[in-house]
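S.K.: Residue numbers in the sequence shown follow my numbering, run continuously in steps of one, and reach 1139 at the last position. Please see the structure below; I have some questions.
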Amino acid sequence: MRPPPDGDSWQRQGPADWHPAAVCNNACTTLLRTFFLPRCCRGSRHRGPDRRHTVLKRRVISMFPQQDVRRRRNRVRCRPSCEVMEGRRLLSGDGISVAFAIDSDWGSGFTASVTVTNHSERAVEDWRLGFELDTRIGSIWDATIVSDAAGRFEVEGASWNRDLAAGGTVSFGFVGGAGGREPSGFSLNGVPLDGSPGAPALRIRDASASEGNVGPSAIAFAVELSKAAEVPVTVGYATVDGTATVGFDYERTVGTLTFAPGETTAMITVPVVADTVAEPDETFTVTLFDATGARIAVGSAKGTIRNDDGPAPVDSAPAVPSLFIQDADPSDGRFTVGFTIWSGTNASRWELLENGKVVHAADLVDRSPASQSASVELTGRFYAANTYQVVVSNAAGSTAGAEQVHVVGGASRITLPGVDGREQAAQVTISPGTTSFDLRSLGVSGSSYRVGTNNPDVVSPSVSGSTLVLEGLGAGRASVRIEDAGTGEERFLGVRVRDAEGALPGMPPYVAMGSVSEDSAADLGFWRDFDEPETNKRMDVRYIYLNGGPENGWRSWQNGNRLQSFLRESLKLGMTPYFVWYNIPDSVESYATNLNHIQDYNYMKGYFADLAYALDVIREMAPDETVGFVLEPDFLGYLMQIGRRPASEVMARVDAAYDAGALEAGVDPSFDNSVAGLVGAINATIAKHAPNVRFGWQFNLWASPGITTSIPSTGLIRLTDTLGLEAGRSAIAAEAAEIARYYIDAGVLSHGADFVSIDKYGLDAVGYQPGAAQDPAGSTWFWNADHWQNYLLFTRTLHDETGLPVTLWQIPVGHINSSLATNPYDPSGRFPDLSNTVTRYEDSAGTFFLGDTFRTTGARQEYFSMNGTGLSDVSVSGDTITWGSHVGDAAAAGVDAILFGAGVGASTDGVGAPPTDGSWWISKVQEYFEAPVPLGSGGNEALPPSIRVGDVVVDETSGEAMLTVSLSRPSDRVISVDYQTADGTATAGQDYRASGGTLSIPAGARSGSIAIPLLDDLDVEADERFRVLWTNPQGGSLADAETSVTIRDDDAPASPVGIVFQVDDDWGSGFTGSIAIRNTSASPIQGWELSFTFEGRITSIWNAEIVEHVGNRYRIRSRSWNSDIASGGEVSFGFVGSRTSPTITPTDFVLASA
């Protein structure tokens, strides 16, 4: 590219030449594309470029000898017959140039475009552009953000512009939020484009001043050097018109700024022309160029001339605003709402109304008759349907724009004013009796509605005009379907009805029924199909898996909203949401996989971070609602069967729970690095983050390796086949007790566990063994009634040993073929046989629990008619066998809920469109709800609650050891227990204060606590222990007779490391600082990392890198050239920090090394 000759006509000479803006005769803009030359404006002051223009132009051109810069489309009108274009940033390196331009700026945000040009002769494949920008990018087009960390963005091309051809260009655009407008630190595929990263960086800052009425006035711009240079640094500067005009509002200012060695700040002063005209504030730009000895990081600044002559007069209300909504990612709960007045009279203020209420208001700058625009980002609207309207106003009046409906997250256009907030309500809570709610269909007038419910025992809905009337009939949950009869729009609203005393419903007072369910269209459509009682879809519990581990697991599925969506949809359906927390394995499950994961610090840190996140979401979305967690299926079963070691002897990285923030050291209980500690830490995390969550650990039938008896290949439950009924059942009970004790010793009952859980097998019986259909007697899982009674014996033993109710989980949906039950879904009235192919397999679980009459012959008849336990509801008549419902037997075994569902993809499915079992299971469940089995009828409440106290580890300086005493379940009476301390290696009077007494836990409570005072000293010594002995339990059974308290010594010698922080430069809103680390020890420090608390934001850093930034805690890592600190040596790094509080000094330093 060649520069034009002196005095040229300023016209484009060819595709390789510069293309300055055209010169207008009396009011025009003279503008280089990468730098802004003085504007030629009114009268005859400048007929064309003079020598100064040409010289300046040459200097700019010489900076970028290879660049092809294109005319920018956007223009902002400043005055009639005058135009100005905002600045753009152009950077180059290795044959690549990057042009950045702000297309529109409304104060709280802006749109920008970026063009990357390849001047070389080689194509760039899979380009990735990196840059730093101190703001949030709300949406992007023609590219994708692949990384956003600490203000550093990495962007790659879309599928259609991923390669940058030789001589070609690619462009993309984005919407930025409030904050920085100037990107820096550009790189392409990791190669810097804007100079050496080690060179000092120049930044110019915005400035403003009042216009004044007479006499001189000026605006002073601060130009800062990121660090002092050893040689002089120079940089050129010049002013460029914005809405302010050179010669009329300010004086053209061009020159060179010089920083002497050691200097870091210099000023540019621009004279302002005073007047007495009432007008809007006006702006111009000062741009830096042609730096020597430094690189330009922020090369332009806005100067604002503040009007001090009163408001500009207006004679009419603003023109009608056009509302716009930008929602690039509806799953993030954020979107931008704004307006544009395309022409005509501007406004001085605007208001945004959401459903008729003002949610944002702000003043505006009047630039009439130019276009005017503004916007605001709304957050926290993940599931909402709202109307938006903009009202603009000025001194002459106000103007309202048209309303617009915006729906996110699949919300309904049917709204409940006064109930729905920024998000649409999933559920309402009412008392017995009648409660009314207003209805409104957005964007529709004169709507009429129809209503229905899936639980007529709890609520009776009706509608009167646009009023929804709910009559609460009894405590519990239901879903109400509201349908707009004109549009067909539906809304599903969960309803909770309090009991007569005003208490919220918990789990049902009967044995609850539940089902696996995804949030797929098929599953949700299934549950929403309310109909007659026989074809209704009432259900108490809906469960889903949160699984896959912390790396590629559930948090990355369904746009990261798997948990939130399932919670919301369950509440809308009137069902209690349960989650199967299954994250110790990831995509593969085995004993070895589990062991590797629990001993991997990083894996477990992610694990606990995910657990705390899930619980925090639950507490936020459903703080007073019952939610269930079934914990880690198979994990302890593998450990018991294959590992054959107590959980307390197997190492696990429990310390990661504290580093992940799930638990707080010194505040929450301390757990050792063992599986027993892991179980306790998981339970404690649930109890801390979401006290409303009911949780329990899953037990396995196959967990025992055979402690009291050998286990046949057909499994523990079929021991009666070989040992006989009496001996076999005794052996089953003995093994069940051993399994229970192993799990109890692992800590599954700690911190208020609510239940224990047992499954059968994830795949239906015939799916596991195809031959089982013809030979059920030789199968493993195709059980007859005697086997199911063995299963309930196992269940009862777990209940007796743990003192907790048992939740049956993942019970197969399949049933025994040739059912004679009435099929309400088919005109024939009969259910078709299951084909015993994928997703259509037989099992006997549904038949046993829900009851059925079926026909069979031969070996199948002989097998399924067995009744050694003498059940009165098992009968045979010819080829017809009847099994009654055995939910009552389950209740007697301590069962509080039966959760059915396909355990693997090939299993028979009871939900969907249509269910693969032919709707047999859902029909039978609706029959059960006609007379559900009450809890307690079989012994759920027969055992007193167990009293448990876990071991405690506390720091010596804690002041006291807090011991939490947990009950397995609340009691309707006061529970008490005596306690007394006893010495171990710790001595009363020296290490702790002897204590004793009685702890009482009030009726209805789940736990109590005692505090043992600790005595601190300054001695460096080994950890010490004492015991707390528990005796004389009243109202409960004592599970733990003794608790160990470990006093962890925290007296340490002086640190062998010195850390010094100093402020190098401070400009009020920010500063540069440095931190020096000195090694005063006798050994070198290798691969150092420094953590500290900083009440601000680090916007850039040198001689180190930011590894992690969580809240106000930073973790900084060395670079390759300063990773080691020799004995007596010192390293330092620097950073630019923003001030968000008066305190800018980092604190709480922690130094780590490899």
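C-beta: ideal position from N, C-alpha, C; glycine also.
(1) What does a CB cutoff of less than 7 Å around F21 pick up in its chain, not counting 5 residues either side in sequence?
(2) Please report how far the alpha carbon of D968 lies from the alpha carbon of L948, in whole angstroms.
(3) Does the separation of the CB atoms of F1011 and Y977 fall below 7 Å?
(4) Cutting at 6 Å between CB atoms, please list the residues of its own chain near P446, excluding the five before and the five after it.
(5) Do you know how far the Cα of A186 is from the Cα of S211?
(6) Cα separation between G365 and A229?
(7) Figure out for me which residue from W905, V859 and S764 has the closest Cα to the Cα of N802.
(8) At which residue ranges does the stretch 525 to 580 contain complete beta strand (DSSP E) runs of 3 or more residues, listed in the order of the chain?
(9) Can you have a look at L1014 and say buried or exposed, based on whether 16 or more other CB atoms are within 10 angstroms of its CB?
(10) According to the neighbour-count rule (16 or more other Cβ atoms, all chains shown, within 10 Å of its Cβ), is K342 buried or exposed?
(11) For the structure I just gave you, are there three or more beta carbon pairs, one from the stretch 716 to 726 and one from the stretch 648 to 662, closer than 8 Å?
(12) Using 8 Å as the threshold, is the stretch 325 to 338 in touch with the stretch 406 to 416, meaning 3 or more CB pairs across them?
(13) Do D749 and P797 count as a contact pair if the criterion is CB distance below 7 Å?
(14) Could you tell me which of A645, G94 and P899 sits nearest to A359, measuring between CA atoms?
(15) If you draw a straight line from the alpha carbon of G814 to that of F834, how long is it in whole angstroms?
(16) Are G666 and A688 touching if we call contact CB-CB under 7 Å?
(17) Excluding the 5 residues preceding and the 5 following Y588 in the sequence, name in chain order all residues of the same chain whose CB lies nearer than 6 Å to its CB.
(18) By how many angstroms is the C-alpha of E486 removed from the C-alpha of D119?
(19) Less than 8 Å between C-beta atoms, sequence neighbours within five positions excluded: which residues of the same chain meet that for S572?
(20) Just how far apart, CA to CA, sit G545 and L531?
(21) With which residues is G461 paired in a DSSP beta bridge?
(22) Using CA atoms only, rank isn't needed, just tell me which of V377, D317, N331 and L458 is closest to G393.
(23) Would you mind stating whether F159 and I125 have Cβ atoms separated by less than 7 Å?
(24) Can you tell me the Cβ-Cβ gap for L478 and D609, rounded? I've got them flagged as a contact below 8 Å.
(25) Have a look at L242 and P298 and give me their C-alpha separation to the nearest angstrom.
(26) How many whole angstroms separate the CB atoms of G747 and S633, which I take to be in contact at a CB cut-off of 8 Å?
(27) Within 10 angstroms of the Cβ of T1132, are there 16 or more other Cβ atoms? Answer buried if so, exposed if not.
(28) For N198, count the other beta carbons within 10 Å of its own beta carbon; 16 or more makes it buried, fewer makes it exposed. Which is it?
(29) Determine which residues share a DSSP beta bridge with R1033 and list them.
(30) Candidates S285, A108, D423 and E167: which alpha carbon is nearest L149's?
(31) Which whole runs of the alpha helix (DSSP H) in the stretch 702 to 770 are 4 residues long or more, in chain order?
(32) Suppose contacts are defined by Cβ-Cβ distances below 7 Å. Is E196 in contact with D314 by that definition?
(33) Can the beta-carbon of P494 be found less than 7 Å from the beta-carbon of T384?
(34) Taking 7 Å as the threshold (C-beta atoms), are Q683 and P618 in contact?
(35) Quick check: what's the CA-CA separation for T787 versus V664?
(36) Report the three-state DSSP secondary structure of A410 (helix, strand or coil).
M.R.: Walking through what the data contain:
(1) On the sequence shown, residue 21 is found 36 positions in, with the first residue counted as 1. The predicted position of F21 is uncertain, since its pLDDT is 32 and thus under 50; a value taken from the coordinates is nonetheless stated next. Same-chain partners within the cutoff: G72, A223, V225, T270 and T272.
(2) One-based indexing of the sequence shown puts residue 968 at position 983. One-based indexing of the sequence shown puts residue 948 at position 963. Cα to Cα, the separation comes out at about 16 Å.
(3) The residue given as residue 1011 occupies position 1026 in the sequence shown. The residue given as residue 977 occupies position 992 in the sequence shown. The answer is yes: Cβ separation under 7 Å.
(4) Counting from one through the sequence shown, the residue named residue 446 turns up at place 461. Excluding sequence neighbours, P446 sits near V436, T438, L455 and V465.
(5) Taking the sequence shown and counting its residues from 1, one reaches residue 211 at position 226. Taking the sequence shown and counting its residues from 1, one reaches residue 186 at position 201. The straight-line gap from Cα to Cα measures roughly 5 Å.
(6) Within the sequence shown, residue 365 is the residue found at index 380, counting from 1. Within the sequence shown, residue 229 is the residue found at index 244, counting from 1. Whole-angstrom Cα-Cα distance: 39 Å.
(7) In the sequence shown, residue 802 corresponds to position 817, counting from 1. The option with the nearest alpha carbon to N802 is W905.
(8) 526 to 532 and 561 to 567
(9) Within the sequence shown, the letter at position 1029 stands for residue 1014. It is exposed - the Cβ of L1014 has fewer than 16 other Cβ atoms within 10 Å.
(10) Reading the sequence shown from its first residue, position 357 is the one you call residue 342. Answer is exposed; the Cβ neighbour count stays below 16.
(11) no
(12) no
(13) Working through the sequence shown from its first residue, we reach residue 797 at position 812. Working through the sequence shown from its first residue, we reach residue 749 at position 764. Result yes, Cβ atoms of P797 and D749 sit closer than 7 Å.
(14) Numbered from 1 along the sequence shown, position 374 holds the residue referred to as residue 359. If we check each option's Cα against that of A359, G94 comes out closest.
(15) Locating residue 814 in the sequence shown gives position 829, counting from the first residue. Locating residue 834 in the sequence shown gives position 849, counting from the first residue. Going by the C-alpha atoms only, they are around 22 Å apart.
(16) Translated into positions along the sequence shown, residue 666 becomes position 681. Translated into positions along the sequence shown, residue 688 becomes position 703. Before going further, note that residue 666 is Ala rather than Gly in the sequence given. Contact flag unset, no.
(17) Start at 1 with the first residue of the sequence shown, and residue 588 comes out as number 603. For Y588, where only same-chain residues beyond five positions count, the Cβ hits under 6 Å are H582.
(18) As a first step, residue 119 is located in the sequence shown; it is residue number 134 there, counting from the start. As a first step, residue 486 is located in the sequence shown; it is residue number 501 there, counting from the start. About 55 Å.
(19) For the purposes of this step, residue 572 is taken as residue 587 along the sequence shown, with counting starting at 1. Hits under 8 Å: G533, G534 and N537.
(20) Start at 1 with the first residue of the sequence shown, and residue 545 comes out as number 560. Start at 1 with the first residue of the sequence shown, and residue 531 comes out as number 546. Rounded to whole angstroms, G545 to L531 spans 12 Å at the Cα level.
(21) Translated into positions along the sequence shown, residue 461 becomes position 476. Note: G461 sits in a beta bridge opposite V482.
(22) Locating residue 393 in the sequence shown gives position 408, counting from the first residue. Residue identity differs from the one stated: residue 393 is Val in this sequence, not Gly. Of V377, D317, N331 and L458, the residue nearest in Cα terms is D317.
(23) Translated into positions along the sequence shown, residue 159 becomes position 174. Translated into positions along the sequence shown, residue 125 becomes position 140. The answer is yes: Cβ separation under 7 Å.
(24) In the sequence shown, residue 478 corresponds to position 493, counting from 1. In the sequence shown, residue 609 corresponds to position 624, counting from 1. 17 Å between Cβ atoms; not a contact.
(25) On the sequence shown, residue 242 is found 257 positions in, with the first residue counted as 1. On the sequence shown, residue 298 is found 313 positions in, with the first residue counted as 1. The alpha-carbon atoms of L242 and P298 are separated by roughly 40 Å.
(26) On the sequence shown, residue 747 is found 762 positions in, with the first residue counted as 1. On the sequence shown, residue 633 is found 648 positions in, with the first residue counted as 1. About 29 Å; that fails the 8 Å criterion.
(27) To locate residue 1132, count along the sequence shown from 1; it is residue 1147. T1132 should be labelled exposed.
(28) Numbered from 1 along the sequence shown, position 213 holds the residue referred to as residue 198. When all chains shown are included, N198 counts as exposed.
(29) The count along the sequence shown starts at 1 and reaches residue 1033 at position 1048. Bridge partners of R1033: D940.
(30) For the purposes of this step, residue 149 is taken as residue 164 along the sequence shown, with counting starting at 1. Here the closest residue by C-alpha is A108.
(31) 704 to 708, 710 to 730 and 750 to 753
(32) Here residue 196 corresponds to residue number 211 of the sequence shown, with the count starting at 1. Here residue 314 corresponds to residue number 329 of the sequence shown, with the count starting at 1. Against a cut-off of 7 Å, the Cβ pair of D314 and E196 comes out as no contact.
(33) The count along the sequence shown starts at 1 and reaches residue 494 at position 509. The count along the sequence shown starts at 1 and reaches residue 384 at position 399. Against a cut-off of 7 Å, the Cβ pair of T384 and P494 comes out as no contact.
(34) For the purposes of this step, residue 618 is identified with residue 633 of the sequence shown, where counting begins at 1. For the purposes of this step, residue 683 is identified with residue 698 of the sequence shown, where counting begins at 1. Yes, Cβ-Cβ distance for P618 and Q683 is below 7 Å.
(35) As a first step, residue 787 must be located in the sequence shown, where it is residue number 802. As a first step, residue 664 must be located in the sequence shown, where it is residue number 679. Computed Cα separation, rounded: 16 Å.
(36) Against the sequence shown, residue 410 aligns to sequence position 425. Looking at A410 - three-state DSSP - the assignment turns out to be coil, as it is neither helix nor strand.
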